Structure formats: C-alpha cells, structure tokens
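Notes to accompany the following structure.
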Amino acid sequence: MVKLAEWRGKEVFHKYGIALPRGTVVRSPEEAEAAAQSGKVPLPCVIKAQVLAGGRGKGGAVRFAATPTEAREAARAILGMEFKGEKVRELILEEKLAIGRELYVSLTLDRSLRLPILMVSPHGGVEIESVDPSSIDRQPIHPFVGLAAYERRRAAEFLGLSGPLAKSLEPVLNALWEIFQKEDAELVEINPLAVVGDRVVALDAKVIIEDDAAFRHPEYSEVRDDRTPLEEIAREKEIAFVQLDGNIGVIANGAGLTMATLDVLQEYGGRPGVFLDLGGTDDPKKVAEAFLLMARAAPKAVFLNVFGGVTRCDTVANGLVEAMRQVPPNEKFPLVARIRGNNEAEGVAILRTAGITSLPDLRDAGRAVVEAARGGRP
Ligand code: GDP
Ligand code: MN
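As structure tokens, this is what we get:
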C-alpha cells in the first residue's frame, strides 16, 4: 500500500485539474513565517501536519494563523508533535478559505461488488466511518465505461449541489475517475471537499496507490510506506510480518493456517498483536531470525502453529529452540506450540527436550495461548 501524504496527493490533484487552496510545503518554523511574510501563502492561513494518520483536525495537527509570527509559532508547535506515533517533519501552509459546507467524495474499489464505487456524502469533514450509512451514496461504476453523466448528476443531487456548484463538481468527479485509473489508485478521497462561494475546493487529499501497480509508477518509489520499523526490517529480510494492536504473537505458515489461527485466538477472546508467516521456509536460520523479530515486538505470549507440508517439523523445531536460546531472559514469554505434519514426531521430541509442549488440537492450543497472555501459565 503506497499511501501518499496530503501534499503529494494534492500534487496529483493539481495535475488533474482539481481546485485547491493556494499553498506550499514547509519544513521549519522559519520557512512557514517566510512563506506567510512574502505573500506566497495568503493570510489568514492553515497549517497542517503531513502525517499519514487521519483525524489531524481533532488531534491539534491542523492550526490557523493570521500573521507571519503566528504561522511560525503554529509551525513550531506542530513540528514538535508526535502524531499517532509519527514524527511530524513536513507541513502544508495554505490559505484559509471561508468555507460553507464540508462534503465527502471518494472513489475506491468495492471488493464484494468487484467494481469501483463512487461514494459521496453531504457530511464531510469527519471520518466517513462515523457517518450514518443513510447519508452516504454509493454508486458502482462500470470499469470500462467510467463515470457517466447521470452518475455525476446523481452525486451532485445527493450532495445538495445545484447551479454553478453542481457545475464545479463535474470536473472534480471526472478527475477522481482519471486519477483512479491512470495512477492505479485503490482509493482517491477528498474529505472535506468544501463549498467556497460558488465552487467546490479540495481541502484535503488522500490517495493510495495499489501495491501491485507500484512498478508502473517509479515517481512514487521514494514514498515512505506506512510500515512500522519492525515491519520494515521484516520486509528487507523477506519475512511476512504484520503488526496489529493486540498482545499475542502468532507464527504460522501459509495464509490459510495463519488466518485460521487468528480466528481461533479471537474466538477465545485473545487479541493477536503480531503475526508472522513462515511460508514454505524450514531453514532453521530463517525460522530463528523470524522468531527473534517477533520477540522484539514484545508479545505477552506466542503461538507457534505450523503444519509441515513441504516444511519439515523437525527443522522448524530446531530453528525455534535455537531462537529461544537467543532471546534474553528478561524478554522471555510463554510459548505454545502446535506442530503437525511432515516429521511431526521428531519435531515434537525436539521441542520436548527444550521444555516446550506441542498441543495437537488447534482449539486447545488457542485457548492455552490466550490464557498465557492473560498471565496464567500455558
Ligand atoms: P484530517 O482531520 O486529518 O482529515 O485533516 P483535514 O485536512 O480534513 O482538515 C481538518 C479540518 O480542518 C477540515 O475538516 C476543516 O474543517 C478544517 N480546515 C482545513 N482547511 C481549512 C480551510 O482552508 N479553511 C477552513 N475554514 N477550515 C479548514
Ligand atoms: Mn480530512
């Protein structure tokens, strides 16, 4: 997932002719002051943190300034922030427009319909997830036809726009479609699209480029992904590793078994915090490496659930035992194993000599991990 920062998204918007506030990107309080002083950015202005997380408005990462000095101080305050774990390094400084209503428009892929959909809501400026579904209009768009005139009219009507406002919405919707197609986006969102006088202006920009099409867009290649530092290391080592917000670590092999494992934990009230897919690996070195990476995510308990198909249970067990030895004593955590399949008896024996029991039943093992994470012993 290549998620563009607002200013990069706005560059794309500009290229496709979407109306934007006048503004610039700054990286220091002095630059902010100078931009306001020189008239490059008209006053009063808005100063916004360029982070990938949403909810900046509510979180104090969007501020207003009426003078160059205020712009400098607001920039200083925001640059000093850590917003949802992300350090703020860049700011957008742009003119503060007198806005009427705030609207929501987006184009994204509906995976169940397997079609692009145009979503619009007259209640913009807040996260779309918090908007009553009856206030959101969703129109599937035929991928070969694109946005038809009647679909644009229906969107304008649902948004309560008519006359010149409806007219100004048209090029915005057409641009959304063009961006969606030509830039291989999986989401193009404007929230809010603001009513300013007799036209609509994009105050925010969210553009996500489809990963699988990234090779077609070298222009985005230096865009930072929204991976965590550990996920970044895993990527370099070619380990499939995802961090979630729970406290149980999961090591499994194959997407199906990994998903089933997460489901079982959920069923017993456990919350997966990180999961790691060994794939077809049974190289003990690789298993150990993956395991140590998992340890760095500080799980309360770890569930190793491996099926030996091509993978051999004994080599996985060897890697695991080797890795356990390398985990510093103060970072140790309870481990529940379930290894089944190819060379199972040997694998189970290797684990047993290291003091690890392998539970053959998925539910038993799942319950044991959840209990261990709660502080009981496995
Ligand atoms: P988000 O909260 O991270 O999505 O950040 P947004 O870019 O959507 O900004 C949050 C809110 O700040 C918007 O919903 C607006 O209410 C307000 N805002 C942003 N730009 C302007 C502007 O130019 N003029 C005015 N009056 N308000 C703005
Ligand atoms: Mn927004």
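Under the working numbering, the sequence shown is numbered contiguously, ending at residue 1072.
Ideal Cβ placement from N, Cα and C applies to all residues, glycine included.
Everything numeric in this text was worked out from a predicted model, so none of it was measured.
Sorted by chain position, which residues of the same chain lie with C-beta nearer than 8 Å to residue i's C-beta, five sequence neighbours on each side aside?
i	result
L987	L924, I927, A928, K931, I933, F935, L970
R846	L863, E864, L867, N868
G973	A934, N947, G948
T718	A729, K734, V735, I786, L787, E788
D892	G857, P858, L859, S862
D1130	Outside the displayed range of the chain (695 to 1072) lies residue 1130, so it cannot be described from this structure.
S722	A769, L773
T761	A730, L737
Can you name, in chain order, every residue of its own chain whose Cβ lies under 7 Å from the Cβ of residue i, other than the five neighbours on each side?
i	result
E1040	C1007, D1008
K790	P738, C739, V740, F758
G703	A899, K900, V901
V720	A726, A729, A769, L785, L787
E1016	P978, A982
G711	P865, A869
G748	E821
Measure from the alpha carbon of residue i to the alpha carbon of each residue in the options, then state which is nearest.
i	options	result
D831	M813, P865, F1001	M813
M695	L867, A991, V1010, E880	E880
A984	V1010, L959, Y962, R1068	V1010
R750	N941, E784, F777	F777
P993	A1059, V1021, L1045, T761	V1021
I942	A1059, I873, V1015	A1059
H836	D804, E796, V820	D804
I811	A792, G819, V839, G1035	V839
Y962	F707, A1062, A1043, E796	A1062
L853	L698, A743, V996, S829	S829
K876	A842, A896, R848, H911	H911
W871	V889, E851, L959, L841	L841
Q833	L855, G819, T802, V820	T802
L889	E796, A908, F1027	Sequence inspection shows Val at residue 889; the Leu mentioned does not correspond to that position. Ranking E796, A908, F1027 by Cα distance to V889 puts E796 first.
G1002	E1025, N1036, L1029	N1036
L746	R766, A699, V706	A699
A821	L887, V782, A771	Reading off the sequence shown, one finds Glu at residue 821, where the question assumed Ala. Measuring from the Cα of E821, the nearest candidate turns out to be L887.
L1048	E1038, L1056, R1019	The displayed chain sequence assigns Ala, not Leu, to residue 1048. Ranking E1038, L1056, R1019 by Cα distance to A1048 puts R1019 first.
R990	I712, A771, T922	T922
F1027	D1055, F707, A1067	A1067
Is it right to say residue i is buried, meaning 16 or more other beta carbons lie within 10 angstroms of its own, or is it exposed?
i	result
D898	buried
G774	exposed
E764	buried
V1004	exposed
R1046	exposed
G950	exposed
N1024	exposed
L807	exposed
A1115	One cannot answer for residue 1115 here, as it falls past the ends of the chain, which runs 695 to 1072.
Y844	exposed
K781	exposed
G1078	The displayed coordinates of the chain run from 695 to 1072. Any statement about residue 1078 would go beyond what the structure contains.
Tell me which same chain residues have a C-beta within less than 6 Å of the C-beta of residue i, skipping the five on either side of it?
i	result
E883	S800, K900
V825	S815, H817
I1033	V1000, C1007, G1041, S1052
G754	none
L956	P966
F997	V944, V1030, V1063
R766	P723, A726, E727
A995	I942, F1027, P1028, V1063, A1066, A1067
A771	none
Taking 8 Å as the line, does the beta carbon of residue i fall inside it for any heavy atom of the ligand GDP?
i	result
G963	no
A755	yes
V894	no
L797	no
E700	yes
E877	no
V740	yes
L791	yes
A759	no
R721	no
P810	no
E776	no
G1035	no
P715	yes
A768	no
G891	no
E788	yes
A888	yes
G818	yes
G749	yes
K734	no
K752	yes
Any heavy atom of the ligand MN within less than 5 Å of residue CB: hits in chain order: Listed along the chain, these residues meet the criterion: N885, D898.
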